[in-house]
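Q: If you're matching positions, the sequence shown starts at 241 in my numbering and goes up one per residue. C-beta: ideal position from N, C-alpha, C; glycine also. These figures come from a predicted structure and were not determined experimentally.
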Amino acid sequence: MTVIDVSEQDFEREVLERSRTTPVVVDFWAEWCGPCRMLGPVLEQAAADREGQVVLAKLDTDANQGIARAFAIQSIPAVKAFRDGRVVDEFVGAIPPGQVAQFFDALLPSQADGLVAEGDEESLRRAVELEPGRADAAVPLASLLHARGEDDEALAVLANVAGSFAADGLAARIRLEGAGELELGDAFGALDDGDRERAIDLLLEAMPSADGHRDDVRRVIVAILDELGVEHPVARDARRRLAAALY
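#1: At the 8 Å Cβ level, is ILE440 part of the contact set with chain D, yes or no?
#2: Is TRP272 buried or exposed, if buried means 16 or more other CB atoms sit within 10 Å of its CB?
#3: For the beta strand (DSSP E) holding LEU296, just list the boundary residues, first then last.
#4: How close, in whole Å, do the beta carbons of ILE440 and ALA478 come, if the pair is a contact with beta carbons under 8 Å?
#5: At a cut of 8 Å, does the region 303–314 reach the region 340–350 through at least three beta carbon pairs?
#6: Using only the alpha-carbon positions, how far apart do ASP426 and VAL328 sit?
#7: On a Cα-Cα basis, can you pick out the residue from GLU421, GLY429, ALA406, ALA446 that is closest to GLY469?
#8: Considering only the beta carbon of each residue, do PHE322 and VAL264 sit closer than 8 Å?
#9: Roughly how many whole angstroms lie between the Cα atoms of GLU248 and SER259?
#10: Decide yes or no for the touch test of the region 346–365 against the region 389–396: beta carbon pairs closer than 8 Å, at least 3 of them.
#11: Buried or exposed, going by whether 16 or more other CB atoms sit within 10 Å of the CB of ARG436?
#12: Look up PHE311 in the DSSP assignment and say whether it is helix, strand or coil.
#13: Reducing DSSP to helix, strand and coil, say where ARG209 ends up.
#14: Using the beta-carbon count (16 or more within 10 Å), is ARG290 buried or exposed?
#15: Going by other Cβ atoms of all chains shown within 10 Å of its Cβ, with 16 needed for buried, is GLU423 buried or exposed?
#16: Pick helix, strand or coil for GLU271, following the three-state DSSP scheme.
#17: Who does ILE244 pair with in a DSSP beta bridge?
#18: Among THR262, GLU257, THR261, PRO317, which residue has its Cα nearest to the Cα of LEU203?
#19: Taking all protein chains shown into account, do 16 or more other C-beta atoms lie within 10 angstroms of the C-beta of SER404, making it buried, or fewer, making it exposed?
#20: Between which two residues does the alpha helix (DSSP H) containing ALA430 stretch?
#21: Exposed or buried, which one is THR261 when buried takes at least 16 other CB atoms within 10 Å?
#22: Does the separation of the CB atoms of LEU416 and ASP456 fall below 8 Å?
If you want it as structure tokens, here you go:
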């Protein structure tokens, strides 16, 4: 089913819930809108060309004014792309077919997405070749390399990743292990065993004597906290203790 009509009654099911498994592009239109009539067939063709990969949902803003208000539709045609229950891209107005095609293609899984999903070392290596800065490929690959003692290559893989607490934390761990100036074996052993609370306790205990390595210890702790999530009770307490240790 490439094109569907949606209303306020079924928007949550047909758009928000469906988008958790398949991207949904919503065409906000109205019968009186000339540009909408121009854009509609272009959207429908783009959806048909990607049968099974993207769903096009058409919503009449005159008949569904509540939804139009909820998504702040002020001018039509307005097009919004949903993935995982939220808007991930959008545009307003009748744009050329080539731009519409690019808009749809950006919603599709990339080759690297598929390789990351495979998860084996060969696939992860190929994903990193395609997108070197991709944390969800680089971190598991570096973890495999680190487990084999290939730390230089692991650090080289992680060096391409920016803005990832997990990547920063793993790189910091590798540097700390290589320095050998702190007794962190028990902390890292607890971390590998899944006992994050004990790992955090031991890392925090090491902070006062971590001259020259405090920032790397902090990076390891922050990576653990990020994995636990903001609301985890261990994370809340550890953040307070980390701040006290640092400042």
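A: Answer, in terms of the structure:
#1: Checking the listed chains, one finds no chain D in this structure; it contains a single protein chain.
#2: exposed
#3: 295–300
#4: 5 Å
#5: no
#6: 43 Å
#7: ALA406
#8: yes
#9: 16 Å
#10: no
#11: buried
#12: coil
#13: In this structure the chain extends from 241 to 487, so residue 209 is not present and cannot be described.
#14: buried
#15: exposed
#16: coil
#17: ALA297
#18: As shown, the chain starts at 241 and ends at 487. That puts residue 203 outside it, with no answer to give.
#19: buried
#20: 425–432
#21: exposed
#22: yes
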